[in-house]
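Asker: There's a structure below that I have some questions on.
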Amino acid sequence: MNYNIALIPGDGIGPEIVAEAKKVLDQVCQVYGHTFTYEEVLLGGASIDVHGVPLTEEAIATAKNSDAVLMGSIGGDAKTSPWYQLEPSKRPEAGLLAIRKALNLFANLRPAYLYNELKGACPLKEEVIGEGFDMIIVRELTGGLYFGERKTFDDNGVMTAVDTLSYNEKEIRRIAVKAFDIARKRKKKVTSVDKANVLDSSRLWRKVVEEVAKEYPDVTLEHMLVDNCAMQLVHNPAQFDVILTENMFGDILSDEASMVTGSIGMLSSASLNETKFGLYEPSHGSAPDIAGKGIANPLATILSAAMMLRYSLDLDQEADAVEAAVQKVLTEGYRTVDIMSEGMKQVGTTQMGDLIASYIG
Ligand code: IPM
Ligand code: MG
Numbered sequence: 003m004n005y006n007i008a009l010i011p012g013d014g015i016g017p018e019i020v021a022e023a024k025k026v027l028d029q030v031c032q033v034y035g036h037t038f039t040y041e042e043v044l045l046g047g048a049s050i051d052v053h054g055v056p057l058t059e060e061a062i063a064t065a066k067n068s069d070a071v072l073m074g075s076i077g078g079d080a081k082t083s084p085w086y087q088l089e090p091s092k093r094p095e096a097g098l099l100a101i102r103k104a105l106n107l108f109a110n111l112r113p114a115y116l117y118n119e120l121k122g123a124c125p126l127k128e129e130v131i132g133e134g135f136d137m138i139i140v141r142e143l144t145g146g147l148y149f150g151e152r153k154t155f156d157d158n159g160v161m162t163a164v165d166t167l168s169y170n171e172k173e174i175r176r177i178a179v180k181a182f183d184i185a186r187k188r189k190k191k192v193t194s195v196d197k198a199n200v201l202d203s204s205r206l207w208r209k210v211v212e213e214v215a216k217e218y219p220d221v222t223l224e225h226m227l228v229d230n231c232a233m234q235l236v237h238n239p240a241q242f243d244v245i246l247t248e249n250m251f252g253d254i255l256s257d258e259a260s261m262v263t264g265s266i267g268m269l270s271s272a273s274l275n276e277t278k279f280g281l282y283e284p285s286h287g288s289a290p291d292i293a294g295k296g297i298a299n300p301l302a303t304i305l306s307a308a309m310m311l312r313y314s315l316d317l318d319q320e321a322d323a324v325e326a327a328v329q330k331v332l333t334e335g336y337r338t339v340d341i342m343s344e345g346m347k348q349v350g351t352t353q354m355g356d357l358i359a360s361y362i363g
């Protein structure tokens, strides 16, 4: 089959890790007889450097015309990068938020899975790890606090800043439906996370999620307050199957969940709209401190490419092959520095990509 893939290398380690994911996809094409045509799209700092803005209409159009988008990471060091001298709406992160909105990518799926081989890299005690864990965070991605009206102003001589957290029932319903659909194919449990003891938006969230749950009698629903969830993730992570939550809570909890899997360098993600279209990116950031050193872990991006094969292109067998190759590399003891442990073989970014590609087909 022929597919058009929009490729967003982005900033920091982005170009290095996307190059490895592309290497793996090229191998998939060769083995399974597909043709992927890539078109590069500028986003974040890379776009600011060329166009002065973090996202252009042209970039949105290219992404829209593709079958799927594969992204690295965006952003730089806020203390030293000139990108952060710009007003907030022109900084790299604003480009990422804007492309998510422009493509209507309201559903962000972030699987957090502890590979047996990485138990040593997990910071939790052995008795907490137990048999390991396998959860997926379903994060609402185009609403809430990150998209509400915001302003900073002088209130009678007192500097004041306001951010607005708003959700309507339609936004809540569509993400809840995604979470329940996913739970149905897994362990059939949804933990909906909110702050309903304080926030109106959370009380509406709870009400709508309960309505949706009625359509899924085979799926167990439980509600959990976000502060408790942050604690439960390190206390008993195995209790979770699907965590459904709003934008900011999902942003925070997914970083926490990634760390208990050993490294944020392992966590893939898919951002989907109502159709099969999606943008795939690692859950981690652009790590400017290690950019260009050849040590970044490309596995989260490679696993994101596998999600792209599965969700947007319907190439399940090919996705299985990529995931199996990642498993094999870990079983054979190859590790990038972030997941390195005693007795293992340390490799750099490109070697890791080479190994994965060599295990496909
Ligand atoms: C993420 C990132 C982004 C977010 C930032 C860079 C805007 O932290 O994808 O989790 O908050 O969504
Ligand atoms: Mg984040």
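Under this note's numbering, the letters of the sequence shown match residues 3 to 363, in that order. Note that CB positions come from ideal geometry on N, CA and C, so glycine has one too. Every value quoted in this text rests on a predicted model; they were computed, and no experiment measured them.
In this structure, how does DSSP classify Asn110 when only helix, strand and coil are distinguished?
Answerer: Here Asn110 sits in strand by DSSP.
Asker: What are the boundary residues of the alpha helix (DSSP H) that Arg1 is part of?
Answerer: Any answer about residue 1 is impossible in this case: the structure gives the chain only from 3 up to 363.
Asker: By how many angstroms is the C-alpha of Asp243 removed from the C-alpha of Ala185?
Answerer: The alpha-carbon atoms of Ala185 and Asp243 are separated by roughly 7 Å.
Asker: Does the ligand SAM have a heavy atom nearer than 7 Å to the CB of Asp183?
Answerer: No copy of the ligand SAM occurs in the structure displayed; its ligands are the ligand IPM and the ligand MG alone.
Asker: Ignoring anything shorter than 4 residues, give me the alpha helix (DSSP H) runs that lie fully in the region 40–72, in order along the chain.
Answerer: Whole alpha helix (DSSP H) segments, 4+ residues: 47–53 and 59–66.
Asker: Quick one: give me the first and last residue of the alpha helix (DSSP H) that Met346 is part of.
Answerer: Premise fails: Met346 is in no alpha helix (DSSP H) and is neither H nor E.
Asker: Measuring only the C-alpha atoms, how far is Lys189 from Leu111?
Answerer: The alpha-carbon atoms of Lys189 and Leu111 are separated by roughly 16 Å.
Asker: By Cβ distance below 7 Å, which residues in the same chain neighbour Ser49 in space, the five residues on each side in sequence not counted?
Answerer: Within the same chain, Ser49 has close Cβ partners Val55, Pro56, Leu57, Thr58, Ala61 and Gly97.
Asker: Can you tell me whether Ser196 is buried or exposed, with buried defined as 16 or more other CB within 10 angstroms of its CB?
Answerer: Per the sequence shown, the amino acid found at residue 196 is Asp instead of Ser. With 16 or more Cβ atoms within 10 Å of its Cβ, Asp196 is classed as buried.
Asker: Does the count of Cβ pairs from the region 305–315 and the region 223–240 closer than 8 Å reach three?
Answerer: These segments do not touch.
Asker: Counting only runs of 4+ residues fully inside the region 272–354, write out the alpha helix (DSSP H) ranges in chain order.
Answerer: Fully enclosed alpha helix (DSSP H) runs of 4 or longer: 301–313 and 318–333.
Asker: Measuring only from the beta carbon, is Leu317 closer than 7 Å to any heavy atom that is part of the ligand IPM?
Answerer: Checking the Cβ of Leu317 against the ligand IPM gives no.
Asker: For Lys347 and Ile138, what's the separation of their Cα atoms in angstroms?
Answerer: Looking at the two C-alpha atoms, the distance is approximately 29 Å.
Asker: Compare the beta carbon distance of Pro284 and Ser306 with 8 Å and say whether it is the shorter of the two.
Answerer: Cβ distance < 8 Å, so Pro284 and Ser306 count as in contact.
Asker: Taking the alpha helix (DSSP H) that Glu95 belongs to, which residues open and close that run?
Answerer: Looking at the DSSP string, the run of the alpha helix (DSSP H) that includes Glu95 is Pro94 to Ala104.
Asker: Where Met250 and Gly146 are concerned, what is the direct C-alpha to C-alpha distance, given to the nearest angstrom?
Answerer: For Met250 and Gly146, the distance between alpha carbons rounds to 7 Å.
Asker: Hey, would you say Val140 sits closer than 8 Å to Ala109, going by beta carbons?
Answerer: Against a cut-off of 8 Å, the Cβ pair of Ala109 and Val140 comes out as a contact.
Asker: So who's on the other strand from Leu76, going by DSSP bridges?
Answerer: Before going further, note that residue 76 is Ile rather than Leu in the sequence given. None, per the DSSP bridge assignment.
Asker: Closer than 7 Å: is that where the CB of Asp69 sits relative to any heavy atom of the ligand MG?
Answerer: No - the ligand MG has no heavy atom lying nearer than 7 Å to the Cβ of Asp69.
Asker: If you measure between the beta carbons of Ala272 and Thr351, is that distance less than 8 Å?
Answerer: Cβ distance not < 8 Å, so Ala272 and Thr351 don't count as in contact.
Asker: Let me make sure I understand the geometry here. Which of Asp316, Gly287 and Arg175 has the alpha-carbon closest to that of Gly12?
Answerer: Of the candidates Asp316, Gly287 and Arg175, the one whose C-alpha sits nearest the C-alpha of Gly12 is Gly287.
Asker: Can you tell me the Cα-Cα spacing of Thr1 and Asp257, whole angstroms?
Answerer: Since the first residue shown for the chain is 3 and the last is 363, residue 1 is missing from the structure and cannot be characterised.
Asker: Which of the three DSSP states, helix, strand or coil, is assigned to Ile254?
Answerer: If DSSP states are grouped into helix, strand and coil, Ile254 belongs with the helices.
Asker: Looking at Asp253 and the ligand MG, is the gap between the Cβ and the nearest heavy atom below 7 Å?
Answerer: Yes - the ligand MG has a heavy atom lying nearer than 7 Å to the Cβ of Asp253.
Asker: Around the Cβ of Lys278, are there at least 16 other Cβ atoms within 10 angstroms (buried) or fewer (exposed)?
Answerer: The residue in question, Lys278, is exposed, as its Cβ has fewer than 16 Cβ neighbours within 10 Å.
Asker: Judging by CA-CA distance, which residue of Gly74, Asn67 and Leu116 is the nearest neighbour of Ala104?
Answerer: The shortest C-alpha separation from Ala104 is found at Asn67.
Asker: How would you label Gly74, buried or exposed, when you count the other beta carbons within 10 angstroms and need 16 or more for buried?
Answerer: Buried is the call here.
Asker: Helix, strand or coil: which one does DSSP assign to His225?
Answerer: If DSSP states are grouped into helix, strand and coil, His225 belongs with the strands.
Asker: What is the DSSP secondary structure of Pro90, reduced to helix, strand or coil?
Answerer: Three-state result, Pro90: helix.
Asker: Helix or strand or just coil, what does DSSP make of Tyr5?
Answerer: Three-state DSSP puts Tyr5 in a strand.
Asker: Ile19 lies in the alpha helix (DSSP H); which residues open and close that run?
Answerer: Gly16 to Tyr34 is the extent of the alpha helix (DSSP H) around Ile19.
Asker: Using a 10 Å radius around the Cβ and a threshold of 16 neighbouring Cβ atoms, would you call Pro2 buried or exposed?
Answerer: This structure cannot settle anything about residue 2, because the visible part of the chain is limited to 3 through 363.
Asker: Please name the residue, chosen from Ile174, Asp316 and Val228, that lies closest to Leu206 on a Cα-to-Cα basis.
Answerer: With distances taken between Cα atoms, Leu206 lies closest to Ile174.
Asker: Consult DSSP for Pro239 and reduce its assignment to one of helix, strand or coil.
Answerer: Pro239 falls in the helix class under three-state DSSP.
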